[in-house]
Amino acid sequence: DAKTTQPPSMDCAEGRAANLPCNHSTISGNEYVYWYRQIHSQGPQYIIHGLKNNETNEMASLIITEDRKSSTLILPHATLRDTAVYYCIAPKPQGGKLIFGQGTELSVKP
Amino acid sequence: EAQVTQNPRYLITVTGKKLTVTCSQNMNHEYMSWYRQDPGLGLRQIYYSMNVEVTDKGDVPEGYKVSRKEKRNFPLILESPSPNQTSLYFCASRRGRASGLFGELFFGEGSRLTVL
Numbered sequence: 001d002a003k004t005t006q007p008p009s010m011d012c013a014e015g016r017a018a019n020l021p022c023n024h025s026t027i028s029g030n031e032y033v034y035w036y037r038q039i040h041s042q043g044p045q046y047i048i049h050g051l052k053n054n055e056t057n058e059m060a061s062l063i064i065t066e067d068r069k070s071s072t073l074i075l076p077h078a079t080l081r082d083t084a085v086y087y088c089i090a091p092k093p094q095g096g097k098l099i100f101g102q103g104t105e106l107s108v109k110p
Numbered sequence: 001e002a003q004v005t006q007n008p009r010y011l012i013t014v015t016g017k018k019l020t021v022t023c024s025q026n027m028n029h030e031y032m033s034w035y036r037q038d039p040g041l042g043l044r045q046i047y048y049s050m051n052v053e054v055t056d057k058g059d060v061p062e063g064y065k066v067s068r069k070e071k072r073n074f075p076l077i078l079e080s081p082s083p084n085q086t087s088l089y090f091c092a093s094r095r096g097r098a099s100g101l102f103g104e105l106f107f108g109e110g111s112r113l114t115v116l
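Here the protein sequences come in this chain order: U and Y.
So that you can map any letter, position 20 of the first sequence is 20 in the numbering used here, and since no number is skipped, the others follow by simple counting.
So that you can map any letter, position 62 of the second sequence is 62 in the numbering used here, and since no number is skipped, the others follow by simple counting.
Here is the structure:
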């Protein structure tokens with residue numbers, strides 16, 4: 001897996017966009033970037049993934065830099081329910097080992 | 001409904017008393033894995049299985065065993081639990097590898113284990 005680095009915590013005002021960065025400078029050409037979130041102590045939930053193009057789904061947008069060394073998860077209109085720990089990972093496609101790291105704890109405040 | 005089911009969800013036990021945490025998925029996924037989560041340490045992988053009868057160590061396998069005799073089940077076995085195995089445990093699965101894609105992981109709801 002490519003090593004990923006995320007800030008330990010971030011705050012965001014309710015209704016504003018939350019931009020969560022992830023550094024993955026050692027990522028290989030065939031390694032996708034995946035984002036998950038974990039609300040309280042529930043099982044992590046898949047959000048989105050991408051290789052080199054920007055991606056958007058009903059939950060979030062993913063912006064990957066052209067050199068693929070970093071990415072940003074965007075929650076366009078954060079709500080209190082988006083308060084969670086967000087994990088960015090870049091697993092080897094053919095591998096089984098996964099390194100999650102500690103993620104970013106996002107607090108959405110009213 | 002597609003799901004990963006873990007049992008028990010909560011368990012308090014004593015040092016040395018063997019226990020098994022079961023994990024079952026109904027999505028016909030090839031890959032399954034176990035994680036533990038401790039405060040300040042994030043999710044750490046214990047073991048994973050690429051398919052039936054194929055298992056391998058993750059980052060923190062000491063003190064744990066697994067088996068994969070059937071595709072749907074991947075039990076985590078603590079032969080002689082110790083207090084340092086008190087943790088929140090998660091099982092996850094994903095379908096087989098599409099070309100170039102690791103694939104989306106589906107997680108269970110977690111099993112909180114306390115070893116006294």
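Even glycine gets a Cβ: it sits at the ideal position worked out from N, Cα and C.
Note that the coordinates shown come from a computational prediction; the quantities given were computed from them, not determined experimentally.
Item: With residue 78(U) as the anchor, note down where its beta strand (DSSP E) starts and where it stops.; Value: Neither: residue 78(U) is in no beta strand (DSSP E) and is coded neither H nor E.
Item: Taking only beta-carbon positions, decide if residue 97(U) is within less than 8 Å of chain Y.; Value: yes
Item: For residue 112(U), does the three-state DSSP call read helix, strand or coil?; Value: There is no way to answer for residue 112(U), as the model of chain U reaches only from 1 to 110.
Item: Return the chain-ordered list of same chain residues with a C-beta closer than 8 Å to the C-beta of residue 9(U), the five sequence neighbours on each side being excluded.; Value: 104, 105, 106, 107
Item: Can you give the Cα-Cα distance for residue 83(Y) and residue 114(Y), rounded to whole angstroms?; Value: 7 Å
Item: Do the CB positions of residue 96(U) and residue 50(Y) come within less than 8 Å of each other?; Value: yes
Item: How about residue 48(U) and residue 37(U): are their beta carbons less than 8 Å apart?; Value: no
Item: Out of 70(Y), 93(Y), 29(Y), point me to the one whose CA is closest to residue 35(Y)'s CA.; Value: 93(Y)
Item: Beta carbons nearer than 8 Å to chain Y: which residues of the segment 3–30 of chain U have them?; Value: 30
Item: Beta-carbon separation of residue 45(Y) and residue 109(Y) under 8 Å?; Value: no
Item: Spatial neighbours of residue 23(U) within its chain, please: C-beta separation below 8 Å, excluding the five flanking residues on both sides.; Value: 4, 5, 6, 69, 70
Item: Give me the chain Y residues within the contact set of residue 46(U), using Cβ-Cβ distance strictly less than 7 Å, ordered along the chain.; Value: 104, 105
Item: Can you tell me whether residue 76(Y) is buried or exposed, with buried defined as 16 or more other CB within 10 angstroms of its CB?; Value: buried
Item: Would you report the Cα separation of residue 62(U) and residue 51(U), rounded to the nearest angstrom?; Value: 10 Å
Item: Shorter than 7 Å, the distance from the beta carbon of residue 58(Y) to the closest heavy atom of the ligand SAH, or not?; Value: Among the ligands in the structure shown, none appear at all, so the ligand SAH cannot be discussed.
Item: Have a look at the DSSP bridge pairing and note the partners of residue 50(Y).; Value: DSSP lists no partner for residue 50(Y).
Item: Whole angstroms is fine: what's the gap from residue 63(Y)'s alpha carbon to residue 90(U)'s?; Value: 27 Å
Item: Is residue 103(U) close to chain Y? Criterion is C-beta to C-beta, closer than 8 Å.; Value: yes
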